[in-house]
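Protein chains in written order, with the numbering used here: chain P, 5 to 201; chain L, 5 to 201.
Even for Gly, the Cβ is constructed at its ideal location relative to N, Cα and C.
So the structure is just underneath, and the comments pick up after that.
Number of protein chains: 2
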Amino acid sequence: MRPLNTKSKEDILALAIPLFARSGYSGVSMRSIAQKVGVTVAALYHHFPDKQTLYLAAMTQVFVDKDERLGEILSSSIEPKKRLAQFMTSFCEVVDKDNDFCMLIQREMMDGDESRLRLLATEVYHDLFQGVTNLCQELDPKQDPYLLAISIIGMVMYHFQTAPMRPYLAHSKEQHSDPQVIARHVTNFALQGLKTG
Amino acid sequence: MRPLNTKSKEDILALAIPLFARSGYSGVSMRSIAQKVGVTVAALYHHFPDKQTLYLAAMTQVFVDKDERLGEILSSSIEPKKRLAQFMTSFCEVVDKDNDFCMLIQREMMDGDESRLRLLATEVYHDLFQGVTNLCQELDPKQDPYLLAISIIGMVMYHFQTAPMRPYLAHSKEQHSDPQVIARHVTNFALQGLKTG
DNA sequence: CCATACTAAACGAACGTTAAGTTAATTAAT
DNA sequence: ATTAATTAACTTAACGTTCGTTTAGTATGG
Chain P
5 MRPLNTKSKE
15 DILALAIPLF
25 ARSGYSGVSM
35 RSIAQKVGVT
45 VAALYHHFPD
55 KQTLYLAAMT
65 QVFVDKDERL
75 GEILSSSIEP
85 KKRLAQFMTS
95 FCEVVDKDND
105 FCMLIQREMM
115 DGDESRLRLL
125 ATEVYHDLFQ
135 GVTNLCQELD
145 PKQDPYLLAI
155 SIIGMVMYHF
165 QTAPMRPYLA
175 HSKEQHSDPQ
185 VIARHVTNFA
195 LQGLKTG
Chain L
5 MRPLNTKSKE
15 DILALAIPLF
25 ARSGYSGVSM
35 RSIAQKVGVT
45 VAALYHHFPD
55 KQTLYLAAMT
65 QVFVDKDERL
75 GEILSSSIEP
85 KKRLAQFMTS
95 FCEVVDKDND
105 FCMLIQREMM
115 DGDESRLRLL
125 ATEVYHDLFQ
135 GVTNLCQELD
145 PKQDPYLLAI
155 SIIGMVMYHF
165 QTAPMRPYLA
175 HSKEQHSDPQ
185 VIARHVTNFA
195 LQGLKTG
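Rendered as structure tokens:
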């Protein structure tokens, strides 16, 4: 059925994803995707009716399952403090390795319409967010779980988002881009804050 | 010298900035800027040699002076804890009000080449970052000032970046978009963490 | 009179998209 | 077993549109 030298939808999406991550929707042309895949533009239109559909399929491909994988990290029933440390390590690793994923989340938050934001919330953040809020409520039931979860997730993400700018900032060292160093720091900071009192 | 019904460079930039903030560099055309300003495209080329120069001028317009203003908040010599609380309140207010500024920073961090990242670091983050690291060193000299500063700034920014997605997330309430509520939370979190130990 | 701030009109290049034809693997019939 | 029909996976070539940019000309305040 399928010729040997043929590209599947998944092959196309896998190559389109890093392009969208780096340059955004309007920064990527159908021709640039076709070139990367090694086919003509018309071949893309054989698999997808238009650019928007291709883009949305790419987003879905990146996001679906990612949520579960992030949620699983938090589903264990070990001691809350240890679970937080373990989560931070895993989360930092994921964000560090899958940089495309990280950038696409950010772009979707800025560019996404309501339906795409809902997709992002349900397919990317749901399990992760649920896990973090649960963990927060176990660690400190008196504080607002939503605010805590956003603070924790944002804290981690920002370390990787600012990475390209790090060389130009004061007090920066090479180790500050090491996910393990970041994980240890954010864990410590989340548990104790600036411990001044 | 200048006709009455004429647009200055600053007028053009002021109208171009929100466009770039919302749609990014490649998402905004010279024609869309011209339409917003109420002139023809050629008029834009009378003021700026090309699109890139116009964009860079817009970035500079947004960023310069912003750094100082953010830095000033941190330059007072009141008690560190109070200074942190005061900074959080002011920072949240700025980020909440000037949403374009917030989004442009993010876009520049993702799209910017080396020279633009350096501009971002020196014109936007320098004084702010210096102030926060200083404050952190006063509050807890033992911790790494770089990691702390990134954590604190990122924590705050993320609350406003995730705002459009908030309605679709669990445990969210309307008050979670109030800059004062966010400021109080992040201050408390930065000072005490989850205070479980 | 002269510079400044424009407009009208057009340039080629790149864009998303489509129509028509070609290749190659599978299936059905002889 | 060979061949014919069928289909998915393409290519080539072009469509109209929008893009960044330019050129030539016009109006206006000093």
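The way I'd put it, the region 9 to 16 of chain L doesn't touch the region 155 to 167 of chain L; fewer than three beta-carbon pairs between them come closer than 8 Å. The DSSP-derived three-state label of P145/P is coil. For P84/P, the enclosing alpha helix (DSSP H) stretches over residues P84 to K101. Rounded to whole angstroms, the Cβ separation of E83/P and D131/P is 21 Å, and the two are not in contact under 8 Å.
Secondary structure note for P168/P: it is in no alpha helix (DSSP H), with a DSSP letter that is neither H nor E. For K40/P, the enclosing alpha helix (DSSP H) stretches over residues M34 to V41.
From the beta-carbon of M113/L, the residues of chain P found nearer than 7 Å are Q165, T166, P168 and M169. Apart from sequence neighbours up to five positions away, the residues of its chain that approach K70/P with a beta-carbon distance below 7 Å are F105 and V128, ordered along the chain. Positions of the beta strand (DSSP E) runs, each at least 3 residues long and wholly inside the region 109 to 197 of chain P, cannot be given because no such run exists.
The Cβ of Y172/P sits closer than 8 Å to at least one Cβ of chain L. The region 186 to 195 of chain L makes contact with the region 139 to 155 of chain P, as at least three CB pairs between them are under 8 Å.
Using a Cβ-Cβ cut-off of 8 Å, I157/P is close to Y162 of chain L, given in chain order.
The beta carbon of T93/L lies closer than 6 Å to those of A187 in the same chain, with the five residues before and after it left out. Neighbours of D144/L in chain P, taken as residues whose beta carbon is under 7 Å from its own, are L198, K199 and T200 in chain order. Boundaries cannot be given for Y29/L, as no alpha helix (DSSP H) includes it and DSSP labels it neither H nor E. Here A62/L really is in contact with I21/L; their C-beta atoms are around 5 Å apart, less than 8 Å. Within the region 38 to 70 of chain P, no residue has a Cβ lying closer than 7 Å to any Cβ of chain L. The straight-line gap separating the alpha-carbon atoms of L124/L and L19/L is approximately 21 Å. If you compare the alpha carbons of S176/P, T200/P, M114/P and A174/P with that of M161/L, the shortest gap goes to M114/P. The C-beta distance from Q165/P to Q90/P rounds to 23 Å, too long to fall under 8 Å, and the pair is not in contact. Per DSSP, the unbroken alpha helix (DSSP H) holding S79/L starts and ends at K70 to S79. Ranked by Cα distance from L152/P, the options D117/P, L195/P, Y172/P and G116/P are led by L195/P. In this structure, G135/L and L88/L do not form a Cβ contact; the two beta carbons are roughly 11 Å apart against a cut-off of 8 Å. Ranked by Cα distance from M107/P, the first of H163/P, T200/P and K199/P is H163/P. Non-local beta-carbon contacts of Q65/P in its own chain, meaning distances under 6 Å to residues more than five positions away in sequence, involve L17 in chain order. When Cβ-Cβ separations below 8 Å define contact, D15/L makes no contact with chain P. T57/P counts as exposed, since fewer than 16 other C-beta atoms from the protein chains shown sit within 10 angstroms of its C-beta. Look at D54/L here: in three-state DSSP terms it is coil, with no helix or strand label. One thing to note: F193/L has its Cβ within 8 Å of the Cβ of G197/P.
Taking the Cα positions, L121/P is about 23 Å away from C96/P. Here S30/P is actually not in contact with G42/L; their C-beta atoms are around 24 Å apart, not less than 8 Å. Shortest Cα-Cα distance from E118/P to any of D182/L, Y172/L and L139/L involves Y172/L. R122/L reaches chain P at Y172, counting residues in chain order whose Cβ is nearer than 7 Å. Of the other Cβ atoms in all chains shown, fewer than 16 fall within 10 Å of the Cβ of S80/L; this residue is therefore exposed. By a beta-carbon distance limit of 8 Å, L143/P contacts T200/L. Their separation comes to about 5 Å.
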